[in-house]
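Numbering (this note's numbering), first residue to last: 165 to 1194. Cβ coordinates follow ideal geometry from the N, Cα and C atoms, glycine included. Everything numeric in this text was worked out from a predicted model, so none of it was measured. In what follows, a structure is listed as structure tokens, so that the remarks can point back to it.
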């Protein structure tokens, strides 16, 4: 900064305040803003005024606004006095005379005629260490500006860099009393300041402490550069033995380490080439640090050759054993920070991101106010982003999950090119090893956002993403397709690790990023949050334990597992294997067939973590809606209470709850200060949920109505434009699905099964029977979740949270009754559609209940506890009691006997056609259907026979089209085995005899012969070609 005449200006202290603002040098807002920034870091500012205007110009009033760029122009054209900036990380103030500079560099200053200017008088110059915010430079980093001057041959800047580094070290020695000219304080009272001294404002009131100049005798006569001496070994270091502390800090222009790029390498011997990395060394002060992560091939020898070709700018660090990419990058970055680099970064060894793009990323970071820059693979017009489609879409799923964990809208966390300013926060974030080997980028970003002891975390504005112009998906990637599930596990570990880190920061009082609205007592509960997720997971496992003991709990589970198995074999959904559920409903069930046979255990394990993820997303949404950590903690448990209306099977309603919770989260974000991107993502989540179960589309109506209501009520018609991204987001997943089925030639079948058939899907009885079903199901299912329903109803009538977000939630909950009631079936699992909106809307009242808990009488507390615990105990008891009684699908004795016979008397390649509604027979026998139909209910109205009245005539519901498809499949596929389960009465199929479909009955007797009667079920085998009937 620039003061008047020879007056010192201390931005870190109180000297720069209203008086200087009144003199017209700065606006008071600039003074206060710059003072606040300066207090956080360290820069050394050298000012020489000589009672004349610097550079022939008056002091610029906009110096703060224009920052160092303006100051560099003054330096370059200065003729009346030196001005410079050099780093000063220590916080001591060392006032120095101008003559001290001459003593440090007699040759340079004397040769250029600087001696006369600087020695005009001790009171004519001053050196002040000012605090400058290390995390956000004003316009560009000061050293970058001075280095630009150095590169253009400006000796003036070089001299001040060296002198500043020298005095920085002397100031450290001075502050610690390592020389005789240390701090002096008169024992009898204050000591008057002499010329060249500055009053220490940090001294106790009533006593004055003055710091003297550094004695001449202790100064080195010449400051010199340190040579680069890369060595390989466990830690690649510069040799600094025997070098004075002052000389270790100072580097000449060709030795100043500006940037270190870490390149992790593991078995990269075949594709490492020096030429690809050479552009990185085109800028002075850049180093490449190759980290060999315990490679087992010839990588170490190849790296030695590469470093030799690249010259002294290439260094190598050898790790003794393979520890993973995360640890290799961490060790490399730590080494870079120890080398004194001012910027660090890392780049994948395969150069999928070219070196030129890495340099552009560094340049973007340097010219911005951000502290970290990430490359992003965005396929825009004019760019060349060559990425496999499967990896791209899986990457989008991963990025969405990472964004939820970080609470940060980041597009691409896994691109292998990132750059950072070297700050104490970065060093603190690298202190501990990462919890993930591949997804460590997410954890590093999370650590930077969370902060460290005594160091505030970064804000979203401190980070930036730069779309790449070129990126190539290099073959032989270390991350294989089958390892993507491992990334999900790593994300879970990262989530827990960051949660512990944030909780620890909150306990220290450093987590000021989000101000909680909870009472002060809530702060004391922060450490208990460490057990919240494990406790929630344990509760989910306990409530769903029947599935691990008894296997298939619902016929739908075996239906979807068989369909998923056929899909894995290449069958096109709806054309070669069909059901009325949308295509995404079957994807989670592919886990049942990943290990060769059919096992429902992986599905139930997946169901546990699916429910856990749903609960955590709802907790995040409640936190955003209410600003209360108590509400955020209550929402997951409310979701569990709301799900006690059905056995713990994995159903489409359970699967759709996760994207539905995501839609609610993004809706709340959009209505509480979010952007149009949140509206778009809400629509995408609704579209994804409706591709699991069509009824999820009711959320689109709820959010749309809420938008229209508030737009019309407030007269803000521009708000109606939000309907466009909401609708576009919903349409996007459906459009992609339609294009996929059109590409495989099954679009008409997709439309028929997913849309057309569901329009006519209903109960066979009239309104009276539907009313009776509702009268049985509604009290049971609402009563089992009585606490969430009471709280949600209370929040609807007497809200504690108001605003557009609440309106959308209220509509989402109460409009879901339409989805549950349509068709008049009122199955218990239909009520699981309420889980997400019910838990979220009830969370504000649950927070109020928890906070008022101490004031409740004992009887009321007991009633609330009983209402929470009793339904869960009933469901667990019933689920185990049903299994003990042998009432689950794969325990049906006739089905087990039939499946056993089929397993013994048919080969694994032989396909079956089963006339009946019992897919567990396929599941238990380990055989697959020979037609597109897993069950044959669709031939006679698609009714569950267990819900049909006795004596019903199904001839009116017969589907001749499905009968024709069945006959065509039987003939085309030459299905060898035909099974009729009607005579055995499995799952009440005696109500649907084969005679209801005469064409199929006739085909059976013409092409098949009876070979066995297994406990009532008749098994037929296809006649060989030309053979007569037996």
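- Spanning the alpha carbons of residue 460 and residue 631 requires a straight line of approximately 35 Å.
- Of the other Cβ atoms in all chains shown, fewer than 16 fall within 10 Å of the Cβ of residue 1020; this residue is therefore exposed.
- By the criterion of a C-beta distance shorter than 7 Å, residue 1085 is surrounded in its chain by 1059, 1062, 1063, 1078, once the five residues flanking it on both sides are discounted.
- With 16 or more other Cβ atoms inside 10 Å of its own Cβ, residue 776 counts as buried.
- The C-beta distance from residue 436 to residue 470 rounds to 6 Å, short enough to meet the 8 Å contact threshold.
- Three or more Cβ pairs drawn from the stretch 421–435 and the stretch 485–492 lie within less than 8 Å of each other, which places the two stretches in contact.
- Close CB contacts of residue 790 within its chain, under the 7 Å cut and outside five residues either way in sequence, are with 965, 1007, 1008, 1011 (chain order).
- Between residue 663 and residue 1017, the alpha-carbon positions lie close to 26 Å from each other.
- Residue 452 is bridged by DSSP to 425, 478.
- Between the C-alpha atoms of residue 877 and residue 810 there is a straight-line separation of about 40 Å.
- For the set 611, 1149, 452, 581, the Cα lying nearest the Cα of residue 592 is the one of 611.
- Counting only runs that start and end inside the stretch 989–1017, the alpha helix (DSSP H) elements of at least 4 residues fall at 999–1015.
- It is roughly 34 Å from the alpha-carbon of residue 1001 to the alpha-carbon of residue 615.
- Taken atom to atom, the span from the alpha-carbon of residue 716 to that of residue 1040 is near 16 Å.
- DSSP places residue 1086 inside the alpha helix (DSSP H), whose first and last residues are 1084–1089.
- By the C-beta density criterion, residue 832 is buried, having at least 16 other C-beta atoms within 10 angstroms.
- Spatial neighbours of residue 1155 in its own chain (CB-CB distance under 6 Å, excluding positions within 5 residues in sequence) are listed in chain order as 1109, 1112.
- Of all alpha-carbon atoms in 444, 553, 989, 628, the one lying nearest the alpha-carbon of residue 934 is that of 989.
- Along the stretch 1028–1082, the beta strand (DSSP E) occurs as fully enclosed runs of 3 or more residues at 1076–1079, listed in sequence order.
- Annotation: residue 1176 to residue 1182 spans about 6 Å, alpha carbon to alpha carbon.
- Where residue 906 is concerned, there is no enclosing beta strand (DSSP E), although the alpha helix (DSSP H) around it starts and stops at 887–907.
- Note on the stretch 815–850: whole alpha helix (DSSP H) runs with a minimum of 4 residues are 816–835, in chain order.
- Residue state for residue 769 is assigned as helix, using DSSP reduced to three classes.
- Using a C-beta cut-off of 8 Å, the stretch 735–748 makes no contact with the stretch 766–781, since fewer than three inter-stretch Cβ pairs fall below that distance.
- Taking the CA atoms as reference points, residue 597 sits about 43 Å from residue 730.
- Secondary structure of residue 963 (DSSP, three-state): coil.
- Take residue 959, set aside five residues on each side of it, and the residues of its chain with a beta-carbon closer than 6 Å to its own are 1005, 1008, 1009, in chain order.
- In the DSSP assignment, residue 435 falls outside any alpha helix (DSSP H) and carries neither an H nor an E.
- The three-state reading of DSSP puts residue 1146 in coil, since its state is none of H, G, I, E or B.
- With a 10 Å radius around the Cβ and a threshold of 16 neighbouring Cβ atoms, residue 722 comes out buried.
- Residue environment for residue 765: exposed (fewer than 16 other C-beta atoms within 10 angstroms of its C-beta).
- The three-state reading of DSSP puts residue 571 in coil, since its state is none of H, G, I, E or B.
- In the structure shown, residue 457 adopts extended strand secondary structure according to DSSP, grouped into three states.
- A residue is called buried once 16 or more other Cβ atoms fall within 10 Å of its Cβ, and residue 582 is buried on that count.
- Less than 7 Å separates the beta-carbon of residue 1104 from that of residue 1122.
- With 16 or more other Cβ atoms from the protein chains shown falling within 10 Å of its own Cβ, residue 913 counts as buried.
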